[in-house]
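Trainee:
Structure follows, in structure tokens:
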């Protein structure tokens, strides 16, 4: 039949059978190649082998050559094989492998941070553990910073490769800018890490001064490895798992003041410039490839997450500080009848056992003062031979300060007349509030540290040096 004759004819053809003038009656062979996306290659092959396509082409060739004996067919280069799509370019596969590697590393980092955070949260809730108020989110926040750093490096590599493939100078400039905005914040963070002990928040905190004097090399190394100083500060003050290394003694006010490091070095020097580079690069690749590369999406998400996390935390702390003022003081808990004398081993063991239960102590003090639990924050507990010194941060609403100021002013007007008034600040207010509840605070400290000697009392001091000299 006709189909059998066509197949036999096609099987006998070779590339040397071309004779356009048809002198010897030999057939004409056309060689063609269609470059297309893999997704449509199957459709093209299916349509090429359809009876409708073959008949239409055969009819048009008959008209072209004025020969009604024309027979048309399609065959693969090897007559024994079928038509198939052959990959033309290998570069996309290599890029995909690199993207997948970066994605795998990023997922691993985020998963690790999440698992450590979950473990720290559970550790907080176990009654027998040393600490009850560890900042368990610190490992997760640190992992987000590392993820952001990895994604920026990966995108820079991809842009350099793509600029070489496309011979595109604009993309090369974008890649160079991306590298610049990786190196610049890294250098800035390292500078802050090396000079951290000179920060006012560190200088006025005796526990932090001592910690950084002992662990500064490790802190600088962690800041370099994690490409950020502030997340490492948060981690080193988190108290997770009750480890001494993660208890540098910084309180929330100190961390808020130190957050300028993240705003300057990470947000303004890295995240915002990198986001601009990513947007421009996305526009260019979208116009060329009609898609956005995985590496770009990875870096874009990381930059957005870092910016959002920093802005949300900063604005929340800023709002809190606008409504409240904070004072810090030190409570010295010792035997008033035998100061500077060694306490018993049992008392020392009790203090060591309970010094990490800071949330519990903060709630007890808040109940005495009649304020919200979150208004009191307990810092480092310094063990002495005769007792301990506790660092306390007390947040006071500005409205309370204003009410007390008006009350004092009214009293002064009645007793001393016009022209004289007492100005009260947050530190004086905190001291006055403490003195009003002195006896109750003594009981709170004795109960918390399991001291059954009523001679142990808690005394207010405005500074650590004052508590030492008393």
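Numbering (the UniProt record's numbering), first residue to last: 1 to 470. Every residue, glycine too, gets a C-beta built ideally from N, C-alpha and C.
1. So for residue 343, helix, strand or coil by DSSP?
2. Could you please give me the residues that DSSP links to residue 389 through a beta bridge?
3. Could you tell me if residue 327 is buried or exposed, where buried requires 16 or more neighbouring beta carbons within 10 angstroms of its beta carbon?
4. How about the stretch 425 to 438 and the stretch 351 to 358: do they share at least three Cβ pairs that are nearer than 8 Å?
5. Mind checking which residues open and close the alpha helix (DSSP H) that includes residue 456?
6. Going by Cα to Cα distance, which pick from 241, 310, 368 and 451 is closest to residue 350?
7. Using DSSP with H/G/I as helix, E/B as strand and the rest coil, what is residue 103?
8. Out of 300, 393 and 134, which has the shortest C-alpha to C-alpha gap to residue 366?
9. Following the continuous alpha helix (DSSP H) through residue 513, name the residue where it begins and the one where it ends.
10. Which residue or residues does DSSP assign as beta-bridge partners of residue 44?
11. Kindly say whether residue 203, judged by its beta-carbon, lies nearer than 8 Å to any beta-carbon of chain D.
12. State the Cα-Cα distance for the pair residue 331 and residue 276, rounded to the nearest angstrom.
13. Evaluate residue 217 with the Cβ neighbour count: other Cβ atoms within 10 Å of its Cβ, from every protein chain shown; 16 or more gives buried, anything less gives exposed.
14. Counting beta carbon pairs with one atom in the stretch 182 to 201 and one in the stretch 108 to 119, are three or more of them shorter than 8 Å?
15. Work out the CA separation of residue 180 and residue 359 for me, nearest whole Å.
16. Would a C-beta distance cut-off of 8 Å place residue 135 and residue 239 closer than the cut-off?
17. Excluding the 5 residues flanking residue 106 on each side, which residues of the same chain have their C-beta closer than 7 Å to its C-beta?
18. Measuring straight from C-alpha to C-alpha, what distance separates residue 215 and residue 260?
19. Assign residue 101 to buried or exposed, taking buried as 16 or more other Cβ atoms, counted over all protein chains shown, within 10 Å of its Cβ.
20. Could you name the residues of the same chain whose beta carbon sits closer than 6 Å to that of residue 434, not counting the 5 residues immediately before and after it, in chain order?
21. Would the beta-carbon of residue 378 fall within 8 Å of that of residue 390?
22. Tell me the residue span of the alpha helix (DSSP H) that contains residue 210.
23. I think residue 143 touches residue 112, with their Cβ atoms under 8 Å apart; what is that distance to the nearest whole Å?
24. DSSP state of residue 467, grouped into three classes?
25. For the alpha helix (DSSP H) that contains residue 203, what are its first and last residues?
26. For the stretch 247 to 259 and the stretch 274 to 294, state whether three or more C-beta atom pairs, one from each stretch, are separated by less than 8 Å.
27. Across which residues does DSSP place residue 117 in a beta bridge pair?
28. Would you report the Cα separation of residue 437 and residue 345, rounded to the nearest angstrom?
29. In chain order, what residues of the same chain lie with their CB nearer than 8 Å to the CB of residue 232, ignoring the 5 residues before and after it?
30. DSSP on residue 369, reduced to helix/strand/coil?
31. Quick check on the burial criterion: 16 or more other C-beta atoms within 10 angstroms. Buried or exposed for residue 364?
32. For residue 44 and residue 301, I'd like the C-alpha separation in whole angstroms.
33. From what residue to what residue does the alpha helix (DSSP H) around residue 70 run?
34. Identify which residue in 258, 51, 170 and 241 has its Cα closest to the Cα of residue 132.
35. Report buried or exposed for residue 291, applying the criterion of at least 16 other Cβ atoms within 10 angstroms of its Cβ.
36. Can you tell me whether residue 469 is buried or exposed? The criterion is at least 16 other CB atoms within 10 Å of its CB, across all chains shown.
Mentor: Judging by the given coordinates:
1. The three-state secondary structure of residue 343, taken from DSSP, is coil.
2. 332 and 382
3. buried
4. no
5. Note, residue 456: premise wrong, no alpha helix (DSSP H); beta strand (DSSP E) at 456 to 461.
6. That would be 451, whose Cα lies nearest to the Cα of residue 350.
7. helix
8. 393
9. In this structure the chain extends from 1 to 470, so residue 513 is not present and cannot be described.
10. According to DSSP, which records beta bridges pairwise, residue 44 is partnered with nothing at all.
11. Within the model displayed, chain D is absent; a lone protein chain is all it includes.
12. 50 Å
13. That one is exposed.
14. no
15. Pairing residue 359 with residue 180, the inter-Cα distance amounts to about 44 Å.
16. Yes; because the gap between Cβ atoms is below 8 Å, this pair is in contact.
17. Only 147, 150, 151 and 298 meet the Cβ criterion.
18. 22 Å
19. exposed
20. Excluding its 5 nearest sequence neighbours in each direction, residue 434 has C-beta neighbours in its own chain below 6 Å: 460, listed in chain order.
21. Contact: yes.
22. 206 to 226
23. 6 Å
24. helix
25. 200 to 203
26. Contact between the stretch 247 to 259 and the stretch 274 to 294 is absent, because fewer than three Cβ pairs lie under 8 Å.
27. Beta-bridge pairing links residue 117 to no other residue.
28. 29 Å
29. 142, 193, 219, 222, 223 and 226
30. helix
31. buried
32. 37 Å
33. Element bounds for residue 70: n/a, residue is neither H nor E.
34. 241
35. exposed
36. Under this definition residue 469 is an exposed residue.
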